[in-house]
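Participant: Chains as they are written, first to last, in the numbering used here: chain X, 147 to 536; chain G, 147 to 536.
We treat Cβ as the ideally placed atom computed from N, Cα and C, and that holds for glycine.
Predicted model, so just to flag it, every value in this text is computed and none were measured.
1) Please name the residue in G:441, G:381, G:423 whose C-alpha comes closest to that of residue 454 of chain G.
2) Please confirm if residue 147 of chain G has its CB atom under 7 Å from at least one CB of chain X.
3) With a cut-off of 7 Å, does the C-beta of residue 291 of chain G fall near any C-beta of chain X?
4) According to DSSP, is residue 368 of chain X helix, strand or coil?
5) Starting from residue 204 of chain X, find everything on chain G with Cβ-Cβ shorter than 8 Å and list it in chain order.
6) For residue 493 of chain X, which residues in the same chain have their Cβ closer than 6 Å to its Cβ, ignoring the five residues on either side in sequence?
7) Name, please, each residue of chain G whose Cβ falls closer than 7 Å to the Cβ of residue 472 of chain X.
8) Please report the straight-line C-alpha distance between residue 219 of chain X and residue 333 of chain G, rounded to a whole angstrom.
9) Flag residue 280 of chain X as yes when its Cβ comes closer than 6 Å to any non-hydrogen atom of the ligand MN, and as no otherwise.
10) Just curious, the beta strand (DSSP E) that residue 232 of chain X is in, first and last residue?
11) Specify the secondary structure class of residue 160 of chain G as computed by DSSP and reduced to three states.
12) Under 7 Å, do residue 441 of chain G and residue 380 of chain G count as touching if we go by C-beta distance?
13) Establish whether the CB of residue 354 of chain G and some CB of chain X are separated by less than 7 Å.
14) Going by DSSP in three states, residue 387 of chain G sits in which element: helix, strand or coil?
15) Ends of the beta strand (DSSP E) at residue 511 of chain G?
16) Which residue spans inside the segment 147-201 of chain X form an unbroken alpha helix (DSSP H) run of at least 4?
17) Quick one: what's got a C-beta closer than 8 Å to residue 184 of chain G's C-beta in the same chain, skipping five residues either side?
18) Which residues of chain G have a Cβ atom closer than 7 Å to the Cβ of residue 460 of chain X, listed in chain order?
19) Compute the Euclidean distance between the alpha carbons of residue 200 of chain G and residue 274 of chain G, then round it to the nearest angstrom.
20) Mind checking if residue 376 of chain X is an interface residue toward chain G, Cβ cutoff 7 Å exclusive?
21) Would you identify the three-state DSSP class for residue 446 of chain G, choosing helix, strand or coil?
22) Quick check on residue 344 of chain G - is its C-beta less than 7 Å from some C-beta in chain X?
23) Pick from X:496, X:169, X:524, X:241: whose alpha carbon is nearest that of residue 480 of chain G?
24) Report all residues from its chain with a CB closer than 6 Å to the CB of residue 376 of chain G; omit the five preceding and five following residues, and keep chain order.
25) Chain G partners of residue 557 of chain X, CB-CB under 9 Å?
26) List the residues of chain X that residue 194 of chain G touches, going by C-beta distances under 7 Å, in chain order.
27) If you draw a straight line from the C-alpha of residue 427 of chain G to the C-alpha of residue 284 of chain G, how long is it?
28) Could you spell out the range, first to last residue, of the alpha helix (DSSP H) harbouring residue 219 of chain X?
29) Taking 7 Å as the CB-CB cut-off, is residue 530 of chain G touching chain X?
30) Whole angstroms is fine: what's the gap from residue 341 of chain G's alpha carbon to residue 346 of chain X's?
31) Check whether the segment 209-218 of chain G touches the segment 228-238 of chain G, taking contact to mean three or more Cβ pairs, one atom from each stretch, closer than 8 Å.
32) Quick one, which residues of the segment 208-222 of chain X are near chain G if we go by CB-CB under 9 Å, in chain order?
33) Once DSSP output is grouped into helix, strand and coil, what is the label at residue 318 of chain X?
34) Threshold first: 4 residues or longer. Then list the alpha helix (DSSP H) segments lying entirely within the segment 422-498 of chain G, N to C.
35) If contact means a Cβ-Cβ distance below 8 Å, which residues of the segment 486-509 of chain G contact chain X?
36) Specify the secondary structure class of residue 403 of chain X as computed by DSSP and reduced to three states.
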C-alpha cells in the first residue's frame, strides 16, 4: 500500500507534539487515543480493544506498547524499529487481578528520569480508571498530569497531504449520500438501506478505496427522527415519514461526514420551512468563516439567522474533524458554540452539523469545511435541499 | 419494531444484578459499558461517544443519565419513565474544565444514602479516569469500589430468547462467510471485498435484518496475515497469498463471529498441514465441552492435540461472547486459557477462536458454541477446511 505521509511529515507531527509537551511542562507523554496513535506513527489495526500506548519523551526515543499478537502489526504499519515495540503477554488480557499497564509501568521504571512529569490523556477513549491506577501504582515516584487533548490540538491544522486525504473522503461521501437517498424508498427495510450505504463507503471510487468511518450509518426514520444517534432496524420505510441520513466516508481514517434528510411523500410544511431556514443558517455560518474569526462567532451567525425564522438550537453546531476511529470522528478540541473563543486558522477543518429536533420530527443538514485565507471551502458538493420523494 | 425480550426478562436481569451487588457489598452500581446498558434496559443508540450511565440501587429505582439530545432515544428504546431519565446540557460535551459526570454527581448527591458503597466499572470501555474523578470529587462522602465485570458475569448464561437471537446471528454469519469466500479473488481490491461483506452483514436474511457487528471486517492478506487485527486496504488480492477472514454477524447486537482462511493458488504444505491440525484441535476442544468442565480444560484438549503436530499457541483460544458494541464482541469474563477455572454451565456461549501466526503466514478458524447438557452445540454450520481457490 502506498505511503500516505512522508517520514518527514511524521517527524513534524512528533516535533510539534514535543513542543507542546515542553510548553505544558511534560517530560513524557503516554498517548492512548487510537486517532492520536495513527496520527503520530501511522499505526492502524483494530487492536484498541486491549490497552496500547505510545510513550513520547523517553531518552531512547518513542516506545510503542501493545498486546504481543499485535506487535507485528506495529512493525508493518509504522516506521518504528523492533526494539521500540513491546508486546505484553496474552495472560494479561482481560483479567481481574492484573492489568497490561502493570507491564508498561515496569517497562517505564528504568526508562524514566527521576521526578519526571508524565502526561496522561485522562479523558481519552480506551483509557480506563484501572489502566491509570496500574500506572500510578507501578510508578510511585512519578508525577502524573492530565495532558488533556494535547495531541488532538496538534491535529487541528491539517497539512496539504491531510487535506488531500479529506478531499478523497469527500468524493466518497458524495457517492455514499447519492446511494443513500436513492435506496430510501417506501417498503425497503432500513437494514437493506444501511447495507447499500456501507457497501458504498468501503468501495470508494475506482481510483481509491474507502475505509470504515468511525460511526456506522445512522438513519433514524419516522418517530426515530425525534432523537439523535439511532442506527437502523429491519422495519421498512413508510410513506409520510422523514429519514435522517447522518453518514460519513473515510479515506485512510480521514473523514468527511455528511448529513441530509429525505421525506417519502408530501413533506409537512413545518419540515419544509425548517429545512429552508436551516439551509439559510448554514450559508450564514459558512459566510462568517475567515481566519481570525472565533468559533463562537460562527455559531452566532447561524443563531441570528434561524432566530428570524423563530427557531433555536440548544446544542453545538459543529466541531473539528479529521482522523477518526470508533466511536467518534470529532477531534474533541474546538466546537462551534457559545464560549469557544478559539480563533480560526487556515487548514482547520470542521463538521458544521445542523440537527434540529422539533418534537414530532427531526432533520439534519451538514457540511465539512476547511478554513482558507478566502473563507470556508466546503470539501464535498451535494445539494442542501430536503430530498422529497413522492 | 418487535420486542425481542419481555419486560419480565429485563426484570430478571436487573434482579440478578441486584443479587450480585448485594453479595459484593454494593449499595449502588453505576453501569457505563454500552453492552451492559443494552442488556439491562434495551437502550440502543450510537451515543456512547459521550458519557452515559445507568444507576442501579437508588431508592426511587433505576436512573439513566445521558446527553440531553439522546434522552428521547432512551424513552423510545427502553421501558424507563421520563422521570428516570436525566439529560445533561450540551455545554458539558468535550470540555476541558467540566465533565458530564459533574452533573451526574450532583444528581446523585441527594439520592444516595449516607455512607453508601458505590460500584464503578473501572475497566469498562468509555469510562475514563476524568469521568471517575468527577464522581469522586462530586461525591466526597461516598465509598467507591471496583465492581469489575459484575454485569458481564450476569450476562454469561444466556436465556432461551438470547440463544434465539444468537442463532439468528449464526444464520447471517453463514451467509456473510459464503459471500466473503466468494468475493476474495485475484485482482479484487480488499476494500471491495469488505464492501460485499458489510452489505451481507446488514442485509441479514429475508426474515430478519442484520445489525452492525462490534468489529468491522478484518481481512489481512498476504504479509498481513502475519499479524492479528488488520482491517483492509485498497490493494488487490494476489495469487499465492492467504487471506484471513475474521468476521461476524449480529442480530440486535447479539453476535456470531466466524473466522476462516482462503488461499488463492496452490497452498503451501505448511499452511495445509497447519489447517488440518487446527481443525483437529478444534474438534478436540469441542469434544471436551460439558457442564462442570473448566474453561482451562478446553484449552488443554486443544493444546495436547496440536502439540502432536509440533504446534503451539501462546494466546488464549476463546472467550465468552454475546452482546457487543464497538470495540469488542467478547464479554470480558471467561477465557479459554490456562488458569481460567470457571466451570461450564448450560447456556454459556463461547467464541472458540484459533488464530495461528507462523512467522511468514497466518491462518484462523473459529466456531461459536453453546454449552448444553449434551456438550457443545455449534451455532453456525460452515466447512472448516482451508478454502483453496486455484
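Facilitator: Taking the geometry as given:
1) G:423
2) Any reading at residue 147 of chain G must be qualified, since the residue scores a pLDDT of 44, below 50, and its modelled position is unreliable; the value itself is stated next. By this cut-off, residue 147 of chain G is an interface position.
3) no
4) helix
5) What residue 204 of chain X touches in chain G: nothing, since even the nearest Cβ is about 22 Å away.
6) 303, 304
7) 472, 473
8) 24 Å
9) With respect to the ligand MN, the structure offers nothing, as it holds no ligand at all.
10) 231-234
11) helix
12) no
13) yes
14) strand
15) 508-518
16) 153-169, 180-187
17) 190, 399, 469, 471
18) 236
19) 16 Å
20) yes
21) helix
22) yes
23) X:241
24) 366, 370
25) It is not possible to answer for residue 557 of chain X, since the shown part of chain X is limited to 147 through 536.
26) 473
27) 53 Å
28) 217-223
29) no
30) 7 Å
31) yes
32) 213, 214, 215, 216, 217, 218, 219, 220, 221, 222
33) helix
34) 441-453
35) 501, 503
36) strand
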